[in-house]
Amino acid sequence: MISKKLQDAINIQINKELYSEYLYLSMAAYLESIGLSGCSHFFKIQVQEERYHAMKFFNYMNERGGRVILDIIEQPQVDFNSPVEIFELSLKHEEYVTKLINELMDVAISENDHATKSFLNWYVDEQVEEESSMDNILNQLKLIDGKGQGMLMLDRELGQRIFTPPTDSE
Ligand code: OFO
Numbered sequence: 193m194i195s196k197k198l199q200d201a202i203n204i205q206i207n208k209e210l211y212s213e214y215l216y217l218s219m220a221a222y223l224e225s226i227g228l229s230g231c232s233h234f235f236k237i238q239v240q241e242e243r244y245h246a247m248k249f250f251n252y253m254n255e256r257g258g259r260v261i262l263d264i265i266e267q268p269q270v271d272f273n274s275p276v277e278i279f280e281l282s283l284k285h286e287e288y289v290t291k292l293i294n295e296l297m298d299v300a301i302s303e304n305d306h307a308t309k310s311f312l313n314w315y316v317d318e319q320v321e322e323e324s325s326m327d328n329i330l331n332q333l334k335l336i337d338g339k340g341q342g343m344l345m346l347d348r349e350l351g352q353r354i355f356t357p358p359t360d361s362e
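Going by this note's numbering, the sequence shown opens with residue 193, and the numbers climb by one from there.
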């Protein structure tokens, strides 16, 4: 059974993952409103990824005899200035989530919970991908200055993103 300390920490992380989902959905809504439907699609797929992250914690908690307690989800930013700003904020957000996962790992270590340490390794690896994906797109956006023909091409490319649930999909 999971300790109370870890249970509380995982409940906070579930809320953060749901906030990530909400934040990216807000970005998708904004991008749609300015006609960048490919970029909007990219973030709608990101929303599915974040729901997967939240549900993976949700299911793990139940498996370990913990109790999931849902809390209020903070309102995300609704207005943005440009696609460049959106990807800058997304990268910053993913760096923040990486920090949270590392802190959660510190709690699992201090509680000597080997099962949770092993479970969290998936998130440690996933965060490398999350940061890298936002960073790559941000770099491309900066190269084309977020506008013109290049922007339209990138928008088309991002519109091709597909959600591939990991094999242990719940
Ligand atoms: Fe985007 O990684 Fe979860 O929050």
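C-beta: ideal position from N, C-alpha, C; glycine also. Keep in mind it's a predicted model, so treat the numbers as computed, not measured.
Cβ-heavy atom distance, residue i to ligand 1, below 7 Å
| i | result |
| --- | --- |
| V289 | yes |
| S325 | no |
| S274 | no |
| K208 | yes |
For residue j and residue i, the rounded distance between their alpha carbons
| i | j | result |
| --- | --- | --- |
| P357 | D337 | 32 Å |
| E286 | Q199 | 23 Å |
| S310 | S302 | 14 Å |
| A331 | K196 | In the sequence as presented, Ala is not what sits at residue 331; that position holds Asn. If I take the Cα positions, the gap works out to 42 Å. |
Chain C within 8 Å of residue i, Cβ atoms only
| i | result |
| --- | --- |
| G227 | Looking for chain C here will not work: only one protein chain is present. |
Residue interval of the alpha helix (DSSP H) (run including residue i)
| i | result |
| --- | --- |
| I204 | 196-225 |
| P174 | The requested residue 174 does not occur in the structure, where the chain is confined to residues 193 to 362. |
| L344 | 340-350 |
| I237 | 229-255 |
| Q319 | 306-335 |
Do the segment 198-209 and the segment 288-297 touch if we need at least three Cβ pairs shorter than 8 Å? The count of Cβ pairs closer than 8 Å, one atom from the segment 198-209 and one from the segment 288-297, reaches three, so the stretches are in contact.
Quick check: the segment 246-265 against the segment 225-233, are at least 3 beta-carbon pairs closer than 8 Å? Cβ pair count under 8 Å is below three, so no.
Taking contact to mean at least 3 C-beta pairs separated by less than 8 Å, is the segment 310-324 in contact with the segment 263-273? Taking a cut-off of 8 Å on C-beta distances, the segment 310-324 does not touch the segment 263-273, as fewer than three cross pairs fall below it.
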